[in-house]
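As you go down the protein sequences, you meet chains A and B in turn. Mapping of the first sequence onto this note's numbering: residues 220 to 336, in sequence order. Mapping of the second sequence onto this note's numbering: residues 57 to 171, in sequence order. Written out below as structure tokens is the structure these notes cover.
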Amino acid sequence: AQSVAQPEDQVNVAEGNPLTVKCTYSVSGNPYLFWYVQYPNRGLQFLLKYIPGDNLVKGSYGFEAEFNKSQTSFHLKKPSALVSDSALYFCAVRDIRVASGTYKYIFGTGTRLKVLA
Amino acid sequence: EAGVAQSPRYKIIEKRQSVAFWCNPISGHATLYWYQQILGQGPKLLIQFQNNGVVDDSQLPKDRFSAERLKGVDSTLKIQPAKLEDSAVYLCASSPRQGGTGELFFGEGSRLTVL
Chain A
220 AQSVAQPEDQ VNVAEGNPLT VKCTYSVSGN PYLFWYVQYP NRGLQFLLKY IPGDNLVKGS
280 YGFEAEFNKS QTSFHLKKPS ALVSDSALYF CAVRDIRVAS GTYKYIFGTG TRLKVLA
Chain B
57 EAGVAQSPRY KIIEKRQSVA FWCNPISGHA TLYWYQQILG QGPKLLIQFQ NNGVVDDSQL
117 PKDRFSAERL KGVDSTLKIQ PAKLEDSAVY LCASSPRQGG TGELFFGEGS RLTVL
């Protein structure tokens with residue numbers, strides 16, 4: 220079964236500095252990977268997705284992510300962090316139910332990003 | 057385009073009481089998901105519908121949880137009787153169709169507190 224891991228519960232970064240939120244995956248075949256952001260008392264918002272093809276994916280709000288097959292990673296990055304980027308970030312992978320051929324999405328445990336002014 | 061609508065946003069009940077959450081997905085979205093998000097954890101799939109049929113309810117505690125999606129549009133998730141450990145945010149999400157490469161669209165969530 221597919222899975223994702225987010226090894227850091229929290230990441231702190233100073234405003235204006237680059238940020239990285241880590242995600243590693245365990246999949247068979249070509250993965251479809253996603254990043255979502257959750258602000259307090261809100262639902263999850265889609266940021267970006269990787270489908271097999273270009274390894275560097277650009278998404279909303281200046282975020283990007285790099286798919287690295289050799290390291291089985293899909294880290295979320297931003298060149299210059301903003302205080303407003305402070306939120307909970309989830310990595311997710313799409314998995315297939317072999318018996319039915321339908322898809323489900325499996326989420327990581329989340330990483331809390333704090334951007335300090 | 058209107059997003060996924062959920063209600064109520066917040067609910068506080070005593071244990072052993074019942075509660076119902078409602079979700080209206082984005083118009084035309086065939087697939088609807090209910091996730092449970094316990095504080096400090098990632099969302100966990102409870103049930104997935106394709107139109108009005110159940111695709112996966114393997115993690116739904118069927119002795120107390122039930123869900124339906126009549127007419128393949130909006131959906132209701134019910135808990136009866138509630139336990140303390142059901143305190144969580146219940147997220148509804150939808151997607152245009154099964155498979156594809158698309159992302160999920162989430163509602164704002166319904167936060168349940170069981171006392």
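For every residue, glycine included, the Cβ atom is placed at its ideal position computed from N, Cα and C.
Anticipated Cβ contact below 8 Å, residue i with residue j, distance rounded
i, j, result
"E164 of chain B", "F265 of chain A", "Not quite, the Cβ-Cβ distance comes to about 14 Å (not below 8 Å), so this is no contact."
"V240 of chain A", "L332 of chain A", "6 Å"
"S131 of chain B", "A138 of chain B", "Between A138 of chain B and S131 of chain B the Cβ distance is about 19 Å, and since that is not below 8 Å, they are no contact."
"A144 of chain B", "F161 of chain B", "That belief does not hold up - the Cβ atoms of A144 of chain B and F161 of chain B are roughly 20 Å apart, past 8 Å."
"L102 of chain B", "Q115 of chain B", "6 Å"
"P271 of chain A", "N287 of chain A", "Not really, about 13 Å apart at Cβ, beyond 8 Å."
Contacting residues, own chain, Cβ-Cβ under 7 Å from residue i (five flanking each side not counted)
i, result
"V246 of chain A", "Q221, V312"
Chain B residues whose Cβ lies nearer than 9 Å to that of residue i
i, result
"F286 of chain A", "Chain B residues near F286 of chain A: none, gap ~14 Å exceeds 9 Å."
"T330 of chain A", "Under the 9 Å cutoff, chain B gives no residues; its nearest Cβ is about 10 Å from T330 of chain A."
"G327 of chain A", "G98"
Test: residue i CB closer than 8 Å to a CB of chain A
i, result
"L147 of chain B", "yes"
"Q106 of chain B", "yes"
"D130 of chain B", "no"
"D112 of chain B", "yes"
"G84 of chain B", "no"
Listed by chain order, chain B residues near residue i by CB distance under 7 Å
i, result
"Y324 of chain A", "L160"
"G278 of chain A", "Those do not exist, as G278 of chain A stays about 10 Å from chain B at its closest Cβ, beyond 7 Å."
"F199 of chain A", "The structure shown does not extend to residue 199 of chain A, since chain A is modelled only from 220 to 336, so the question has no answer here."
Own chain, CB closer than 6 Å to residue i, minus 5 neighbours either side, in chain order
i, result
"F309 of chain A", "Y255, F326, G327, G329"
"T291 of chain A", "T243, Y244"
"E70 of chain B", "L171"
"G299 of chain A", "The displayed chain sequence assigns Ser, not Gly, to residue 299 of chain A. Excluding sequence neighbours, S299 of chain A sits near G235."
"K323 of chain A", "D314"
"K134 of chain B", "A76, S122"
"S74 of chain B", "Q136"
"R167 of chain B", "Y66, V145"
"G281 of chain A", "K297"
Other residues of its chain near residue i: CB distance less than 8 Å, five sequence neighbours each side excluded
i, result
"Q257 of chain A", "L263, Q264, A306, L307, Y308, F309, G329"
"L126 of chain B", "N108"
"Q93 of chain B", "P99, K100, A144, V145, Y146, L147, G165"
Within-8 Å CB hit, residue i to chain B
i, result
"T321 of chain A", "yes"
"F282 of chain A", "no"
"F309 of chain A", "yes"
Contact list for residue i against chain B, beta-carbon separation under 8 Å
i, result
"L263 of chain A", "P99, L147, A149, L160, F162"
Chain A residues whose Cβ lies nearer than 7 Å to that of residue i
i, result
"G165 of chain B", "G262"
CB contact check: residue i to chain E, cutoff 8 Å
i, result
"A86 of chain B", "This model lacks chain E altogether, as its protein chains are A and B."
*asked:* What ranges does the alpha helix (DSSP H) occupy inside the region 234 to 271 of chain A, keeping only unbroken runs of at least 4 residues that lie completely in it?
replied: none
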